[in-house]
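Chemist: Going by our numbering, the first residue of the sequence shown is number 5, and it counts up by one from there. All C-beta atoms, glycine included, are put in the ideal place defined by N, C-alpha and C. This structure is a prediction, so every number in the text was calculated from the model and none was measured. This is the structure, below, for whatever I ask next.
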Amino acid sequence: MSWYDASLKETDARIAWILAHPGMSVWLKEALRAALERDPVDILNDLEILIYLLRARSDALIHAALGAEGGDLARED
5 MSWYDASLKE
15 TDARIAWILA
25 HPGMSVWLKE
35 ALRAALERDP
45 VDILNDLEIL
55 IYLLRARSDA
65 LIHAALGAEG
75 GDLARED
């Protein structure tokens, strides 16, 4: 078995575990199921966009919530 075959098998097992786990979010499970049907290059491109946008949005929301509770916080980027 080649390295990439073993890696794919291990990754598929991890995905199956997440899909079967009752504590994982519906959103994550739906995203994984949809991704399994897509071209891997398209997935990676979309992931980069999601990471960029959702991380920035989440950081801003968390920063705003902390600022509202604890005064104005200086942000370093």
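From which residue to which residue does the alpha helix (DSSP H) around Glu34 run?
Modeler: By 1-based counting over the sequence shown, the position of residue 34 is 30. First-last of the alpha helix (DSSP H) with Glu34: 30-40.
Chemist: Going by Cα to Cα distance, which pick from Leu32, Tyr8, Ala68, Asp16 is closest to Leu54?
Modeler: As a position in the sequence shown, residue 54 is number 50, starting the count at 1. Nearest C-alpha to Leu54: Leu32.
Chemist: Going along the chain, which residues of its own chain have a beta-carbon closer than 8 Å to the beta-carbon of Ala68, five neighbours each way excluded?
Modeler: Translated into positions along the sequence shown, residue 68 becomes position 64. None.
Chemist: Between Pro26, Ala17, Ala10, Ala72, which lies nearest to Leu40 when the distance is taken from Cα to Cα?
Modeler: Locating residue 40 in the sequence shown gives position 36, where the first residue counts as 1. Closest by alpha carbon: Ala17.
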